[in-house]
Amino acid sequence: MKSLIKTDSKGRKKVLNVCAEPCAIEKGMRLIGGKWKGSIIYHLKDEPVRFNDLTRMLGGASKKMVDQRLKELEGEGMVLRKVISDRPVAVTYELTDFGKTALGILDDLRIWSQSHKI
Numbered sequence: 006m007k008s009l010i011k012t013d014s015k016g017r018k019k020v021l022n023v024c025a026e027p028c029a030i031e032k033g034m035r036l037i038g039g040k041w042k043g044s045i046i047y048h049l050k051d052e053p054v055r056f057n058d059l060t061r062m063l064g065g066a067s068k069k070m071v072d073q074r075l076k077e078l079e080g081e082g083m084v085l086r087k088v089i090s091d092r093p094v095a096v097t098y099e100l101t102d103f104g105k106t107a108l109g110i111l112d113d114l115r116i117w118s119q120s121h122k123i
């Protein structure tokens, strides 16, 4: 929806057609825009990854932070958690088909960031 800005007779500006709910970009950013979410998705692109290996791949993220983000991504239907053994407990994470749809966006972001030396 295109917003319009009108100026009244007293010079005050008013926005018409204001978004009453989050727009599509906001909704998308909520899914993949949280801290570490994009990196987690990107590291799961090739194969299932065990929790500790994923934490090592991310470098600066704490185990607690990775656990929180994985739970959020699982709740959003982007990541699938699989228990591969009971004793000791071993868990892998992999992208769902829905999660894989974000890879193109993240790859475009990576290319854009690299090309602008961000």
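Residues in the sequence shown are numbered from 6 upward in steps of one, following this note's numbering. Cβ coordinates follow ideal geometry from the N, Cα and C atoms, glycine included. Nothing here was measured: the structure is a model prediction, and the numbers come from that model.
query	result
In angstroms, rounded to a whole number, what distance separates the CA positions of residue 20 and residue 42?	33 Å
If we call anything under 8 Å between Cβ atoms a contact, is residue 98 one with residue 63?	no
Strictly by DSSP, which residues pair up with residue 96?	88
Would you check if there are 3 or more beta carbon pairs closer than 8 Å linking the segment 6 to 25 to the segment 73 to 93?	no
Can you find the residues in the same chain that come closer than 8 Å, C-beta to C-beta, to residue 88, ignoring five residues on each side of it along the sequence?	94, 95 and 96
Go through its chain and collect everything with a Cβ distance to residue 37's Cβ below 6 Å, but skip five positions before and after it.	43 and 107
Quick one: Cα of residue 53 to Cα of residue 13, how far?	58 Å
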